[in-house]
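Chains as they are written, first to last, in this note's numbering: chain X, 38 to 219; chain E, 129 to 714. Report on one structure; see the data block that follows.
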């Protein structure tokens, strides 16, 4: 643990590395690191890369407390790299109480943040989000559309997807693809 | 001096330049192989990561045209690869035979949907199928458009951050993916990595896996075995060490999807789409000031059939030569241009003057020298020099490609016993052997496919538990070993922050990486200042070394002095590849 903490203090030196790999390594240490990682994630003085690694490691550690921490960061941050990382955290540990913050992130300028937000909304949202998600299904960006379709399926909007899949809608193939992946 | 003397003199100069270039690349490859060996312990940790489903997903793009006799076996081979997170996408490029039918029967293909995430232009896609038996096996059926077109069609439907382009007649060694993915794990800026391609003629395969490595029966193929080893291990390894690699074989290469899509995908109007793509990636990244790395690895291995008849060899070489010339002409502005760094300053002139013009110069060189010899205008010294430069040098560079072994009676190809069994790792790393083992005391990575079982030292499979560090599990032990090294080290921060955004709905890793699919350009963001290099543990130092080259800038049109300074800087940094990592910092 002591050694792992020493690494945490030097995370910024691993910027060239794949963040997922470092999270994988840190995740091997165990849940004892979770509190430190949440601290790094919320610390605005930490480099972006270090905060991303912290977010990814918390996913590895299956830390249930990180949902609330992620929501606070989501509301306070504007950096797209951090936003996408915490949205991924919310996708795993988010609760319906976090849905408002996630919906707000769906309007982010970066398409990959929008995609991550839609993914998270599939978990923390509910049937009432169907109309909201439908708008994103038709968005020109294919990645965002895919995530919207998956979110629609996750909230149970299969009737809508089924109707699109059986139609001549330009995104019929996408709806079929999502429906097939049951 | 007559015109004959002049022509002969030019041929001599050509041979000297050619041989010097090959010696230089060989020297660089020696250092690169040493570094590779030094990092092998850290690499094992990456292997663990790659075997889990959390590593970046890889889509194998397999264009197939009239591959009915071999397609099923090839796909079966791909299904046995050791990697935690990969898909296979076979693209049937309008085959006239029953390739699709064979695949459908063998793998129980059913119609499916695979929504395109990029819009590279291709010929029409007729249908998409998915195996009911192997959910990660997909087949795309399209009208014929050529290999590059087929790859682009696959690329449009690729939804993983990385894709691997391979030939349908290639067999990958089982650990090839987890080895070739390493540079993408340890360096976010890696956009392409090539592996070693070896000749499969004469080898035995069972169930899609290599069971016995043998030399081909025919002489023509035997010579190609050595030619490939030299070209890859001393050639591409050396170019990679100079950060000037211009070719990654179309038979086996791993790419970052977002970078390739941003650069425009594979060129459909050239026969050398593999080289053209690499040159274009260099150009695109440098012109757009994107940090990038294109690298070659000696131990991921793909096996392929080589032509055994002169006619087939001639067709293949004709295609390669046309592809080479076409790639160089398309990007001729890179030639000698400091703006393009080592690829423009070092590799381009070599490929242009030596590789592209080489066949013409060599042909006329031989003819003129023969004429001079017949005409009595060649002195014995000239004959000796010509023999050495034209032939002896080749033998000299081929010689180290053959490892010493009690079963090997002669180092020359015609002396090799037909059934000589040679372990994969030893042949693959043949060039490394003479110096690598002597210098580092440890072989470069690689794995045994036959021959002797690995020694306990080889079989340890992980880092040693550090003395005095308590740990609860072998994995924790490995991690702590790395951490202990880190704690006692001052690591050099890389110069820039680089984040790839991987939107990967099907295979998104827990890391939540998002990767742009080309629909909108994902910026490769660079932040932060560089840092000071401190004392590094050797194994980690090699991995952490960031030899970032100057990218972009005003070098192309600046004052002569600035250009010269820039040129010197680029060459100096390229040469940094051969310098060993200092044990206690600079």
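Beta carbons are placed, not taken as given, at the ideal position from N, Cα and C, and that holds for glycine.
Give the straight-line distance between the Cα atoms of residue 439 of chain E and residue 189 of chain X, rounded to the nearest whole angstrom. 58 angstroms
Are the C-beta of residue 243 of chain E and some C-beta of chain X separated by less than 8 angstroms? yes
Residues in the stretch 47-60 of chain X having any Cβ partner in chain E nearer than 7 angstroms: 47, 49, 50, 52, 53, 54, 55, 56, 57, 58, 60
Between E/371, E/450, E/361, E/388, which lies nearest to residue 150 of chain E when the distance is taken from Cα to Cα? E/361
Identify the residues that DSSP records as bridge partners of residue 318 of chain E: which are they? E/421
Under a CB-based cut-off of 8 angstroms, is residue 314 of chain E close to chain X? yes
Just the Cα atoms here: how many angstroms apart are residue 202 of chain X and residue 208 of chain X? 8 angstroms
At which residues does the beta strand (DSSP E) containing residue 259 of chain E begin and terminate? 253-259
Do residue 283 of chain E and residue 431 of chain E count as a contact pair if the criterion is CB distance below 8 angstroms? no
Within chain E, partners of residue 210 of chain X - CB distance below 7 angstroms: 241, 243
How long is the line joining the alpha carbons of residue 198 of chain E and residue 240 of chain E, rounded to whole angstroms? 24 angstroms
Sequence-distant residues of its chain with Cβ nearer than 8 angstroms to residue 273 of chain E (five each side left out): 221, 222, 250, 251, 281, 396
Could you tell me whether the Cβ of residue 179 of chain X comes closer than 8 angstroms to any Cβ of chain E? yes
Closer than 8 angstroms is the cut-off here; do at least three beta carbon pairs connect the stretch 317-324 of chain E with the stretch 419-427 of chain E? yes
Would you verify that the beta carbon of residue 214 of chain X is, or is not, closer than 8 angstroms to some beta carbon of chain E? yes
Quick one: give me the first and last residue of the alpha helix (DSSP H) that residue 298 of chain E is part of. No alpha helix (DSSP H) holds residue 298 of chain E; DSSP gives it neither H nor E.
Between the CA atoms of residue 227 of chain E and residue 500 of chain E - distance to the nearest angstrom: 55 angstroms
Whose C-beta lies closer than 6 angstroms to the C-beta of residue 128 of chain X among residues of the same chain, with five residues either side of it excluded? 156, 157, 160
Rounded to a whole number of angstroms, what is the C-alpha to C-alpha distance between residue 334 of chain E and residue 164 of chain E? 31 angstroms
Is residue 97 of chain X near residue 52 of chain X, with beta carbons less than 8 angstroms apart? no
Residues in the stretch 415-427 of chain E with C-beta within 7 angstroms of chain C's C-beta atoms, listed in sequence order? The chain labelled as chain C is not found among the protein chains of the depicted structure, namely X and E.
How should residue 426 of chain E be labelled, buried or exposed, when 16 other C-beta atoms within 10 angstroms of its C-beta is the threshold for buried? buried
CB contact below 8 angstroms: residue 161 of chain X versus chain E: no
Just to check my reading of the structure: residue 194 of chain X and residue 217 of chain X have Cβ atoms closer than 8 angstroms, yes? What is that Cβ distance to the nearest angstrom? Not confirmed; about 16 angstroms, so no contact.
Going along the chain, which residues of its own chain have a beta-carbon closer than 8 angstroms to the beta-carbon of residue 3 of chain X, five neighbours each way excluded? For residue 3 of chain X there is no data in the structure shown, the boundaries of chain X being 38 and 219.
How many Å lie between residue 60 of chain X and residue 93 of chain X at the Cα? 6 angstroms
Please list the partners that residue 110 of chain X has in chain E, where partner means a Cβ-to-Cβ separation under 7 angstroms. Correct list: empty, because the minimum Cβ distance to chain E is about 13 angstroms.
Taking the beta strand (DSSP E) that residue 270 of chain E falls in, what are its first and last residues? 265-270
Is the stretch 250-269 of chain E close to the stretch 135-147 of chain E, with three or more CB pairs under 8 angstroms? no
By a C-beta neighbour count over all protein chains shown, 10 Å radius and 16 as the cutoff for buried, is residue 429 of chain E buried or exposed? buried
Listed from N- to C-terminal order along the chain, which residues in the stretch 182-196 of chain X have their beta-carbon within a distance smaller than 7 angstroms of any beta-carbon of chain E? 183, 184, 187
May I have the straight-line CA-CA distance separating residue 363 of chain E from residue 325 of chain E, to the nearest angstrom? 13 angstroms
On the CB-based measure, 16 or more other CB atoms within 10 Å of its CB, does residue 115 of chain E come out buried or exposed? It is not possible to answer for residue 115 of chain E, since the shown part of chain E is limited to 129 through 714.
So, is residue 213 of chain X buried or exposed, given that buried needs 16 or more other C-beta atoms within 10 angstroms? buried
Please list, in chain order, the chain X residues whose beta carbon lies closer than 8 angstroms to that of residue 174 of chain E. 58
Determine the direct distance from the alpha carbon of residue 287 of chain E to that of residue 187 of chain X, and round the result to whole angstroms. 14 angstroms
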